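Position 85 of the sequence shown, counting from 1, maps to 150 under the working numbering, and the rest follow consecutively. Glycine included, C-beta positions come from ideal geometry on N, C-alpha and C. From a predicted model like this one, the values you see are computed outputs, not experimental measurements.
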Amino acid sequence: MVRHILAAAMLALGLAACSAGESATASAQSPAAPPQAAAVHPVSGLKVIDLVVERGGKRIPFKVELADTPEAQARGLMFRDALGDFEGMIFPSDTPEPRSFWMKNTPLSLDIIFIGADGRIINIAANTEPYSLASVTSKGPAGAVLELRAGRAAALGIVPGDRVSYTLSE
66 MVRHILAAAM LALGLAACSA GESATASAQS PAAPPQAAAV HPVSGLKVID
116 LVVERGGKRI PFKVELADTP EAQARGLMFR DALGDFEGMI FPSDTPEPRS
166 FWMKNTPLSL DIIFIGADGR IINIAANTEP YSLASVTSKG PAGAVLELRA
216 GRAAALGIVP GDRVSYTLSE
């Protein structure tokens with residue numbers, strides 16, 4: 066019994082080593098590049114992923130920190146004093162629901178962009194007030210929230226209705 070399980074596991078590992086459309090022979094002849102480690106933000110320690118805002122046929126790329134745990138979402142960009150022009154943080158939700166954010170312990174003014182389940186921007190809370198305890202809310206169920214440095218949405222022409230795309234897993 067153990068021998069059968071071990072053989073099945075080895076077969077599965079052998080099959081997993083081949084990507085779709087590639088034979089084991091082709092794989093052995095041309096070694097694949099080593100897998101790249103996911104980028105990690107030097108301050109937050111969060112995984113950094115690619116995100117694109119599509120605006121009128123134009124693609125605006127960003128590198129965003131992925132706040133995908135309750136702890137990361139609770140901390141957000143608190144205590145941060147710098148954010149690059151094409152950097153941000155994405156807060157995905159398992160279930161689209163009305164979302165609410167505040168600026169407690171956040172020295173940076175932000176554009177908080179609420180994204181619907183269809184990937185389109187619902188509303189933008191632009192130029193939020195640093196350290197404010199006032200609630201900033203979505204105008205409907207949001208599947209994700211994107212935070213950018215204040216003024217970036219306007220500077221780049223990002224508006225409600227634009228599409229946001231990103232991939233959570235590789």
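{"Check": "Taking only runs of the alpha helix (DSSP H) that begin and end inside the segment 97-146, which ones reach a length of at least 4 residues, in chain order?", "Outcome": "135-140"}
{"Check": "For glutamate 87, which residues from the same chain have a beta carbon less than 6 Å from its beta carbon, with the 5 sequence-adjacent residues on both sides left out?", "Outcome": "In this prediction, glutamate 87 has a pLDDT of 32, which is less than 50 and means its spatial position is unreliable; what the coordinates show is noted afterwards. Hits under 6 Å: none found."}
{"Check": "Between which two residues does the beta strand (DSSP E) harbouring alanine 190 extend?", "Outcome": "186-190"}
{"Check": "Less than 7 Å between the beta carbons of glycine 208 and isoleucine 177, yes or no?", "Outcome": "no"}
{"Check": "From Gly141, Pro172 and Arg124, pick the residue whose C-alpha is nearest to that of phenylalanine 151; which is it?", "Outcome": "Arg124"}
{"Check": "Report the rounded CA-to-CA distance for serine 203 versus serine 165, giving the unit in angstroms.", "Outcome": "6 Å"}
{"Check": "Go ahead and pull the three-state DSSP assignment for leucine 221.", "Outcome": "helix"}
{"Check": "For leucine 233, write down the residues that DSSP places opposite it in a beta bridge.", "Outcome": "The partner list for leucine 233 (beta bridge, DSSP) is empty, contrary to what the question assumes."}
{"Check": "Using a 10 Å radius around the Cβ and a threshold of 16 neighbouring Cβ atoms, would you call phenylalanine 144 buried or exposed?", "Outcome": "exposed"}
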